[in-house]
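Number of protein chains: 2
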Amino acid sequence: MKLLEDKIVAEGNAIGSDILKVDMFLNHQIDPLLIDEMGKEFFRLFEGCGATKVVTVESSGIAIAVAAAKYFGVPALFAKKATHKNVGSDIFTARCYSFTHGKEYMMNISKKYLHPGDKVLIIDDFLAGGNACNALLDIISQSGAEVVGIGIAIEKGFQPGGAALRQKGYKVRSLAIIESMEDGKITFRPDEDCF
Amino acid sequence: MKLLEDKIVAEGNAIGSDILKVDMFLNHQIDPLLIDEMGKEFFRLFEGCGATKVVTVESSGIAIAVAAAKYFGVPALFAKKATHKNVGSDIFTARCYSFTHGKEYMMNISKKYLHPGDKVLIIDDFLAGGNACNALLDIISQSGAEVVGIGIAIEKGFQPGGAALRQKGYKVRSLAIIESMEDGKITFRPDEDCF
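Here the protein sequences line up with chains D and S, keeping their order. What the first sequence shows, in the numbering used here, is residues 1 to 195, in sequence order. What the second sequence shows, in the numbering used here, is residues 1 to 195, in sequence order.
See below:
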């Protein structure tokens, strides 16, 4: 998605060969018009997938997921992060290790909002190693719902998460795939190589 | 806002005389069309306020703030919650006690995104005692920015936060003000009494 790639180049901050800060428009400050366009693009990419729910993780995924859900005309649902294991019987829960924060957390979704028969489109802001996405997949699997697609804003193509998910057969579409970052210079994977 | 009041009555869950659960459409699962209408309504209520930024707190405030920011054509910005005091010099920070979670946390906003000259519209999902809102006001005051309004989705009118903020001279507008909850029955304050 050229609009997003241009924004990353203009306002993102590549630190070394691995860290990309996009808190100017996505992770802390949020550009609402860009977010709306991203929601529209996810709808174009996954149109006809039959999604009954868009699922993401708090906090950075929420704005994008709600924008996409609006175009699909279905509810958005965000997994909550907790530091302690919630032992309630009313939630689906999965363990997730965050490399960004260097710690493990629990990801929870209420059993009230995911059921067998639900078709879930996962939306998230970043895909790198795939830990957060795999925890979401675990939760959705517990619920008996089906995953119909995984839409990512920014994928780090040089990390293994995306390739592993595609190999498992998931339809993964990323609006921008970063091939490499060297000395602050960001190279994107051309769109046609993604799919 | 009748649409929101109707939704609260139809899908909210009043527990005792104080707790209102709206995780069916606002706090966990999110109704994207309702959220968009709420953003539009905040724009109507605060049109002409000159807002340059819409500020909220993660996580539940994000969707509403982004919807409102879209109508104003300005960035949204969310304060991040941290359990530990971040001693970096690059953030504005304030302490906040959450009655919902029974614990204290730090609220942080990067100094990059709030400046003197900014006119801030605060948007949040709930206003009860006013702790979260007061922490945001503290942060905005540290930045030298000006608060031009406070827009709340659901205000608990029987708690003191809203009255205290209005008494201080802030323009507070809540889309639904709950006058009382008794045995699960929710009574709203009529719109004309709010302002």
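Positions of the beta carbon are idealized from the N, C-alpha and C atoms, including for glycine.
Exercise for the section: Determine, using beta carbons only, whether D:G170 comes closer than 8 angstroms to chain S. Expected result: Sequence check: residue 170 of chain D is Tyr here, not Gly. With 8 angstroms as the cut-off, D:Y170 does not count as an interface residue toward chain S.
Exercise for the section: Find the residues of chain D that neighbour S:F78, judging by a C-beta separation of less than 8 angstroms, and give them in chain order. Expected result: At a C-beta separation below 8 angstroms, S:F78 has these neighbours in chain D: H28, I30, S59.
Exercise for the section: Can you say whether S:S17 is buried or exposed, counting buried as having 16 or more other CB atoms within 10 angstroms of its CB? Expected result: With a 10 Å radius around the Cβ and a threshold of 16 neighbouring Cβ atoms, S:S17 comes out exposed.
Exercise for the section: Since I believe D:Y71 is in contact with D:K40 (beta carbons under 8 angstroms), could you give me their beta-carbon distance rounded to a whole number of angstroms? Expected result: 6 angstroms
Problem - Helix, strand or coil at D:F72 [DSSP, three-state] - result: helix
Exercise for the section: Pull up the distance between the alpha-carbon of D:V66 and that of S:V9, whole angstroms please. Expected result: 23 angstroms
Practice task
Could you please give me the residues that DSSP links to S:N13 through a beta bridge?
Solution key: S:K21
Practice task
Would you please verify whether the beta carbon of D:C194 is less than 8 angstroms from any beta carbon of chain S?
Solution key: Because D:C194 sits at a pLDDT of 48, beneath the cut-off of 50, its placement in the model cannot be relied upon, and the following sentence gives the value as read from the coordinates. Interface flag for D:C194 against chain S is unset, since no Cβ pair is found closer than 8 angstroms.
Problem - Inter-stretch contact at 8 angstroms, needing at least 3 Cβ pairs: the segment 20-29 of chain D / the segment 33-50 of chain S - result: Fewer than three Cβ pairs drawn from the segment 20-29 of chain D and the segment 33-50 of chain S lie within less than 8 angstroms of each other, which leaves the two stretches out of contact.
Problem - Where D:I91 meets chain S, residues with beta-carbon distance less than 7 angstroms - result: Under the 7 angstroms cutoff, chain S gives no residues; its nearest Cβ is about 10 angstroms from D:I91.
Problem - Residues near D:G149 by beta carbon distance below 6 angstroms, same chain, minus five either side - result: Within the same chain, Cβ atoms closer than 6 angstroms to the Cβ of D:G149 are found at F46, C49, L121, K171, the five residues on either side in sequence being excluded.
Practice task
Using beta-carbon positions only, say whether S:K185 and S:E146 come within less than 8 angstroms of one another.
Solution key: no
Handout entry: Own chain residues within Cβ distance below 8 angstroms of S:I62, not counting five before or after
Key = T56, A76, F78
Practice task
Report the three-state DSSP secondary structure of D:A51 (helix, strand or coil).
Solution key: coil
Problem - S:Q159 - DSSP class collapsed to helix/strand/coil - result: coil
Problem - Beta-bridge partners of S:Q29, as assigned by DSSP - result: D:L77
Exercise for the section: Say whether chain S places a C-beta atom closer than 8 angstroms to the C-beta of D:P75. Expected result: Output row for D:P75: interface = yes.
Problem - S:A132: first and last residue of the uninterrupted beta strand (DSSP E) it sits in - result: First-last for S:A132: 131-143, but that is the alpha helix (DSSP H), not the beta strand (DSSP E).
Exercise for the section: Using DSSP bridges, identify the partner residues of D:R166. Expected result: D:R166 pairs with nothing; no bridge assigned.
Handout entry: Among S:G130, S:D191, S:L137, nearest to S:A163 - alpha-carbon criterion
Key = Nearest C-alpha to S:A163: S:G130.
Practice task
Determine, using beta carbons only, whether D:A94 comes closer than 8 angstroms to chain S.
Solution key: no
Exercise for the section: Put D:L114 into one of helix, strand or coil per three-state DSSP. Expected result: Correct three-state label for D:L114: coil.
Problem - One or two residues paired with S:E146 in a DSSP bridge - result: S:K119
Exercise for the section: Given a cut-off of 8 angstroms, decide if S:A153 and S:I64 are closer than it, judged by their beta-carbon atoms. Expected result: yes
Exercise for the section: Would you mind stating whether D:I139 and D:A94 have Cβ atoms separated by less than 8 angstroms? Expected result: yes
Handout entry: DSSP three-state assignment for S:A82, whether helix, strand or coil
Key = strand
Handout entry: Own chain, CB closer than 6 angstroms to S:K156, minus 5 neighbours either side, in chain order
Key = A128, I178
Handout entry: Beta-carbon neighbours of S:S110, restricted to chain D and to distances below 7 angstroms
Key = Residues of chain D passing the Cβ test: D23, H28.
Exercise for the section: Consider the Cβ of S:V66: report whether some Cβ of chain D lies at a distance smaller than 8 angstroms. Expected result: Yes - at least one Cβ of chain D is within 8 angstroms of the one on S:V66.
Exercise for the section: Report the rounded CA-to-CA distance for S:D191 versus D:A68, giving the unit in angstroms. Expected result: 32 angstroms
Handout entry: Whole-angstrom distance between D:L34 and S:Q167, CA atom to CA atom
Key = 37 angstroms
Practice task
Please name the residue, chosen from D:G151, D:K111, D:G73, that lies closest to D:S141 on a Cα-to-Cα basis.
Solution key: Nearest of D:G151, D:K111, D:G73 to D:S141, Cα basis: D:K111.
Exercise for the section: Drop a sphere of 10 angstroms on the beta-carbon of D:I19, count the other beta-carbons inside from all chains shown, and report buried for 16 or more, exposed for fewer. Expected result: exposed
Exercise for the section: Just grab the DSSP bridge partners of D:R95 for me. Expected result: D:M106
Practice task
Determine the DSSP secondary structure at S:D124, reduced to helix, strand or coil.
Solution key: Residue state, collapsed to three classes: strand.
Problem - Cβ pair S:P116, S:G73 closer than 8 angstroms - result: Result no, Cβ atoms of S:P116 and S:G73 do not sit closer than 8 angstroms.
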